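What follows is a set of notes on a single structure, which appears directly below.
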Amino acid sequence: MVSKKPGFVRAFLDQTLQLMTTHTPEFLGLRNGTGFWSQADYGKGVIIGLLDSGIYAAHASFNDHGVPPPPTRWKGSCDAAQCNNKLIGAKSLIAGDDSDDEEGHGTHTSSTAAGNFVTGASYNGVGTGTAAGIAPSAHIAMYKVCVARDCKSSAILAGLEEAIKDGVDVLSLSLGSSTSASFDQDPISIGTFSAVSKGILVVCAAGNSGPAQRSVTNEAPWLLTVAASSVDRSFGANIHLGNGKSIDGEALTQIANPSSELHSLLYSEEWRYCNYDYDSSITCKILVCKDNKSRAQLSEIRNIVGAGATGVVLFNDEISGYTTIVTDYNSSVVQVTAADVEALIAYIASTNNSSLASLAYNGTKFGVRPAPVVASFSSRGPSSFAPNILKPDILAPGLNILAAWP
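Mapping the sequence shown onto the numbering used here, position 356 (from 1) lands on 412, and the numbers just tick up by one.
Structure, rendered in structure tokens:
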């Protein structure tokens with residue numbers, strides 16, 4: 057029997073878990089050539105292991121310019137096509153699969169943690185700057201444990217075992233279960249305890265199930281559990297109303313030379329999710345819609361603008377608070393918070409549907425306040441099984457981060 061073998065701890069049915077910048081270093085007070093970042097040698101010599109969806113090895117963030125060979129304690133291997141002194145480890149713990157990233161998540165998290173300096177990075181011209189991870193001189197080892205955003209606990213445990221054996225210094229797990237379990241029943245808690253006992257720092261995401269109380273995952277006291285926050289950057293946009301007032305918003309797609317001509321605003325409770333017919337009722341109008349955070353709505357909005365609408369104002373629900381998850385609609389869309397849209401809807405109501413507005417775009421803005429703000433989706437404590445353990449432990453930027461993508 058397996059339970060009689062040396063080293064046996066506990067057996068579980070295989071579980072499915074889920075996957076949970078140019079400005080971030082500066083926002084955190086890290087500046088090239090001076091201060092703590094320089095004193096810490098940008099993470100040189102540190103090996104960061106990530107359990108994720110794989111990695112796109114060819115991305116510029118994983119160039120090894122200025123990165124020395126890995127320490128002699130490194131015992132791992134790299135099966136990616138472009139391994140180097142930056143990407144020293146890449147392997148899949150999924151039978152019949154390779155370490156390539158088909159989701160983007162692992163590439164994104166790897167570059168956020170330890171991507172090398174990349175000049176001139178931007179997203180379609182916004183957020184332009186030099187991109188870098190928090191430890192740009194550290195080494196990366198990727199352990200692919202997730203496919204199609206699902207991560208089997210058997211693969212996670214195998215990945216943890218490999219990482220410990222290979223000699224990583226830090227482990228990053230941006231994944232977790234949608235339900236909490238006691239520490240002795242949680243595969244991640246048990247597997248990471250072994251890593252911590254070997255002197256490895258294990259960093260885990262708090263989860264994306266906020267803002268509900270007791271929604272935090274990865275609650276074990278030996279884990280460094282990290283919540284997600286905003287930074288003081290926004291991709292600025294404005295809604296200029298016919299009454300002379302203006303409402304601030306954000307737009308990841310920055311329209312060049314937008315018209316200042318005023319257009320009719322259209323808001324309807326019946327069609328509030330932008331599920332309008334593609335007919336003359338929307339032609340040359342700015343539609344005001346509620347964000348339902350679905351991929352179907354993204355297609356709806358692109359089709360609406362393609363069918364003749366001038367643009368869309370998309371507003372959050374109240375539970376999202378000040379969090380705006382900017383999305384690339386590839387069209388004239390301004391996103392606003394639930395609080396900010398109240399003035400817009402009141403203006404529409406006061407004019408008997410003869411309200412007018414124009415949309416303007418003003419690029420990347422810094423120094424936005426308040427910041428940091430806990431992202432609405434970031435899971436909250438306390439721990440369900442041990443309320444005396446304060447979780448999450450720390451807060452770090454995790455909203456609208458510019459990082460590598462396949």
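Built from N, CA and C at the ideal position, the CB exists for glycine as well.
Owing to the predicted nature of the structure, the values given are computational and were not obtained by experimental measurement.
Check whether residue i and residue j have beta carbons under 8 Å apart
{"i": "F433", "j": "S236", "result": "no"}
{"i": "S411", "j": "L321", "result": "yes"}
{"i": "A177", "j": "L455", "result": "no"}
{"i": "F422", "j": "D288", "result": "yes"}
{"i": "W130", "j": "D222", "result": "yes"}
{"i": "F118", "j": "K100", "result": "no"}
{"i": "R358", "j": "C345", "result": "no"}
{"i": "T80", "j": "P426", "result": "no"}
{"i": "I144", "j": "G132", "result": "yes"}
{"i": "T463", "j": "W278", "result": "As displayed, the chain neither begins before 57 nor continues past 462, which places residue 463 out of reach and without an answer."}
{"i": "L415", "j": "A261", "result": "no"}
{"i": "G364", "j": "I404", "result": "no"}
{"i": "L227", "j": "I256", "result": "yes"}
{"i": "L318", "j": "A204", "result": "no"}
{"i": "S439", "j": "V272", "result": "yes"}
{"i": "G263", "j": "G232", "result": "yes"}
{"i": "F291", "j": "T420", "result": "yes"}
{"i": "I360", "j": "Y385", "result": "no"}
{"i": "N140", "j": "D120", "result": "yes"}
Candidates the options, of which the one nearest residue i by Cα
{"i": "D373", "options": "S355, N348 and G105", "result": "N348"}
{"i": "K200", "options": "F83, S439 and A214", "result": "A214"}
{"i": "V224", "options": "I196, L231 and A211", "result": "I196"}
{"i": "I220", "options": "Q310, L106 and S355", "result": "L106"}
{"i": "N313", "options": "F118, G300 and N418", "result": "N418"}
{"i": "A194", "options": "S233, G185, G122 and A363", "result": "G122"}
{"i": "P267", "options": "R425, I375, S230 and A402", "result": "I375"}
{"i": "D153", "options": "C202, Y179, A187 and N140", "result": "C202"}
{"i": "D108", "options": "Q138, C134, V397 and E159", "result": "E159"}
{"i": "P462", "options": "D97, L370, A114 and Y98", "result": "A114"}
{"i": "N408", "options": "Y323, Y98 and S238", "result": "Y323"}
{"i": "S406", "options": "G298, T184, L84 and Q269", "result": "G298"}
{"i": "A187", "options": "Q138, E326 and E82", "result": "E82"}
{"i": "A211", "options": "S148, S250 and M198", "result": "S148"}
{"i": "P124", "options": "C134, Q138 and D97", "result": "D97"}
{"i": "T366", "options": "C134, A395 and I311", "result": "I311"}
{"i": "A316", "options": "K254, I295 and S336", "result": "Per the sequence shown, residue 316 should be read as Ser rather than Ala. Residue I295 is the option with its Cα nearest to S316."}
Contact belief for residue i with residue j at Cβ below 8 Å, rounded distance in angstroms
{"i": "A146", "j": "A170", "result": "Wrong, their Cβ atoms sit about 13 Å apart, outside the cutoff."}
{"i": "P126", "j": "I111", "result": "Not really, about 16 Å apart at Cβ, beyond 8 Å."}
{"i": "V252", "j": "V258", "result": "6 Å"}
{"i": "L343", "j": "V368", "result": "5 Å"}
{"i": "V182", "j": "A116", "result": "The Cβ separation is near 18 Å, so there is no contact."}
{"i": "S167", "j": "A460", "result": "4 Å"}
{"i": "L280", "j": "I445", "result": "No, L280 and I445 are not in contact; Cβ-Cβ is about 13 Å, not under 8 Å."}
{"i": "V429", "j": "S285", "result": "6 Å"}
Buried or exposed (CB count within 10 angstroms, at least 16 for buried), residue i
{"i": "K447", "result": "buried"}
{"i": "N274", "result": "buried"}
{"i": "H164", "result": "buried"}
{"i": "C340", "result": "exposed"}
{"i": "Q95", "result": "exposed"}
{"i": "E356", "result": "buried"}
{"i": "T90", "result": "exposed"}
{"i": "W93", "result": "buried"}
{"i": "T128", "result": "exposed"}
{"i": "D156", "result": "buried"}
{"i": "A136", "result": "buried"}
{"i": "N331", "result": "exposed"}
{"i": "F85", "result": "The sequence as given places Gly at residue 85; Phe does not occur at that position. Exposed: under 16 other Cβ atoms inside 10 Å."}
{"i": "G300", "result": "exposed"}
{"i": "N180", "result": "exposed"}
{"i": "E218", "result": "buried"}
{"i": "D162", "result": "Residue 162 is actually Gly in this sequence, not Asp. With 16 or more Cβ atoms within 10 Å of its Cβ, G162 is classed as buried."}
{"i": "S209", "result": "buried"}
{"i": "Q269", "result": "exposed"}
{"i": "G189", "result": "buried"}
Residue i: CB within 7 Å of a non-hydrogen atom of the ligand MG
{"i": "V102", "result": "The ligand MG is not among the ligands present in this structure, which contains no ligands whatsoever."}
- Would you be able to state if there are at least three C-beta pairs under 8 Å between the stretch 421 to 436 and the stretch 371 to 386? Here the stretch 371 to 386 lies against the stretch 421 to 436, with 3 or more beta-carbon pairs under 8 Å apart.
- the stretch 391 to 406 touching the stretch 300 to 319, judged by at least three CB pairs closer than 8 Å: Contact between the stretch 391 to 406 and the stretch 300 to 319 is present, because at least three Cβ pairs lie under 8 Å.
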